[in-house]
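Below: the structure, in structure tokens.
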Amino acid sequence: MTVNAPLTTLNELFNRVSTAANPRAMLWQDKFGQWQPISSDQIYQRVRALAKAFQAWGVQKGDRIALISENRWEWAITDFATLAIGAVDVPVYPTLTGEQVAALLRDAGCHVAVVSTRQQFEKLNAVRGQTDLERVLLMDPGEPPEGALSFSEILAGADERIGWQDAAFDRLVQSVASDDLATVIYTSGTTGEPKGVALTHGNIAINTSVATREFGFGPGDACVSFLPLSHITARALDYAMFFYGAQVAYCSHFDKLPESMRQVRPTVFVGVPRVYEKIRQAVEQKSSVSPVKKRILSWALQTGSRHRDAVYDRHRPGSLAWKIAEKLVYSKVADAFGGRVNTFLSGGAPLGIDTARWFASAGIALYEGYGLTETSPVIALNSPVRHRMGSVGCPLPNLSCKLAEDGELLVRGPSIFGGYWQRPGPNAASGDRSSSHGWNNECFDAEGWFRTGDIARIDADGFLYITDRKKELLKTSGGKLVAPQPIENKLKTNVLVAQAALVGDRHKFISALIAPNFAALEDWARRHGVEAGSRLELVADSRVVARYGEMVREVNASLASFESIKRFRIVAEEWTLENGHLTPSMKLKRREIASRYKELIAALYEDEATARAE
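Each residue of the sequence shown is one higher than the one before, counting from 97 in my numbering.
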């Protein structure tokens, strides 16, 4: 296994990509749906041209440039061009409203923004007066609207300069140091307002160098970049692929992912748990239409369950039963990912143990990792070399971890950030590196350990287990602490459940709100003769309620009495990123859900004094 020399800056990563002589370093789809390559030489020239434009506009080292776009090659070029001149990029989710975008750009002090589409430009232009923006660059080709500049015009002629090196530009790229700020990433905020996580070149570069070292990635690998690049998980994967000389194919919309997977046939796949849960549910729903198919799936999973360790060790069992199961079932599951993936990674949110077991039983090892935006992002990661199902792997070798008295995980090391952007804390004037950027260190203890906010345990072999978010733990009126995520994950293993949220903090018992997988529920309703004129009528039908009651009782059977679900309600809407119930990494926005269903939750506890299990 080749071990690349570690990076000290992200500009070194750019140099590595742009000098790799790779004719297909990036792939993108044209308007006809055809995949087009971008070479290493083209990357260099396009980055150089854009960086020169930024400089001509007066952008200097340390200035912030907003980047509002779906996943596309222009995102990567803008990222590299910003970093090349020592500027700081501020990636913003394109799904945010204009008011939300304006607030972030105002906080970051951005004078330049690069946006993907005319729709994004119009959204930003409507609130432009609330920002300090002086220039907006539009990626989409064609005549730009008034107030926008053309990305394609800036890059015009760049590809014709292939083979030419700009010595002055190269010196500028090399002048950026490890301690220089690289990016401000605004966290999605599951329980509070977004905060700008300020990461240096060194923070991200060392994490890129170390995190995936045990996977043996190389130039023969490829990935489809589809998770939002405004989230650190997706960005980390792309950086890792570039680091090892692999290919990155950009998928701008999630609904295009299945087709992109079939066409690109990647070897590496990184998904948030909800992506894996949806694929599992699709397989189970497809098999449920026929008793024969349902029995075949059950038999294949039972067969595979006896070989989970071999799957994680990347060994293919040679038994006849395995080969039959692989032909009938496992290969079909693998085809959903393009049929060529040999490394499956899960991050961004906790992966339920039931989901991990299901995929391992279907011949697919999900290597779960753990980290935060504040940690650049990887703290721990399972790998083919070291793995333990249910854990998030062993901490990276260049990080130190320990547990506080209350079980909170504390971390220290070179990939840990210095603090949040423009949020002065109690030690902001202490003279350390954080104060020079206007950061704070309010999330560090007195000895410099970063407080992750996650409750964890570490086993005798050094594997890390995350129990739950410290702020999300529910405390019953009897004083019992309940971790909601593992229980919610158990509920979500059922094909009829899209999302679930436990409630009950400061109450006598735990309850659950369940958001159905309506495609599966409506199919189930048709097969069971349930007629409903609306989703509200559907979730109120006694037969539907009874079916969800069955799955709640099944989950309760594996829980202690104090954490079991005593009551539940089925809601009549899906929880999505668009309606504000989920973060871009598909985690629950608990504050939004508590507010949206305030009356429904109150009704669950109206007669709390006489409540009994239902």
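Every residue gets a Cβ at the ideal spot worked out from N, C-alpha and C, and that includes glycine.
Computed from a predicted model, the values in this text were never measured in an experiment.
Close Cβ partners of Arg708 (< 7 Å) along its chain, the five nearest in sequence each way excluded: Per-residue confidence for Arg708 stands at a pLDDT of 44, beneath the threshold of 50, marking its modelled position as unreliable; the derived number appears in the next sentence. Taken in chain order, the list of residues that qualify is empty.
Pair within 9 Å by beta-carbon distance, Glu310 and Val507: no
Assigned exposure category for Arg391 - 16 Cβ within 10 Å defines buried: exposed
Alpha-carbon to alpha-carbon, Ser326 and Cys319: 17 Å
Candidates Pro187, Pro190, Phe247, of which the one nearest Ala149 by Cα: Phe247
Where Ile562 falls: helix, strand or coil (DSSP): strand
Check whether Ile666 and Val635 have beta carbons under 9 Å apart: yes
Residues near Asn303 in its chain [Cβ-Cβ closer than 6 Å; skip 5 each side]: Ser472, Val474, Ser511
Cβ-based burial, Leu560 [other Cβ within 10 Å; buried from 16]: buried
Pro446 versus Arg565: straight-line alpha-carbon distance, rounded: 10 Å
Gln125, DSSP secondary structure in three states: strand
Neighbourhood of Phe365 by C-beta, 6 Å cutoff - its chain only, sequence neighbours within 5 removed: Phe433, Val437, Phe440
Limits of the beta strand (DSSP E) - the one that Gln595 falls within: 593-599
Neighbour-count burial assignment, Asn585, 16 or more Cβ in a 10 Å radius: buried
Segments assigned alpha helix (DSSP H), at least 4 residues, entirely inside the segment 266-311: 297-306
Strand pairing of Trp131, partner residues [DSSP]: Gln125
Start and end residues, beta strand (DSSP E) containing Ser165: Looking at the DSSP string, Ser165 is not in any beta strand (DSSP E), and its letter there is neither H nor E.
Coarse secondary structure for Arg623, derived from DSSP in three states: helix
Bounding residues of the beta strand (DSSP E) (the contiguous stretch that carries Phe339): Segment 328-339 is the alpha helix (DSSP H) holding Phe339; no beta strand (DSSP E) there.
Counted within 10 angstroms of its Cβ, other Cβ atoms place His411 as buried (16 or more) or exposed: exposed
Beta-carbon spacing of Leu477, Gly465 below 9 Å: yes
Rounded C-alpha distance that separates Gln132 from Pro119: 11 Å
Classification of Ala264 by the beta-carbon crowding that lies within 10 angstroms, buried from 16 upward: exposed
Validate contact between the segment 105-117 and the segment 257-277 using beta carbons, cut 8 Å, 3 pairs: yes
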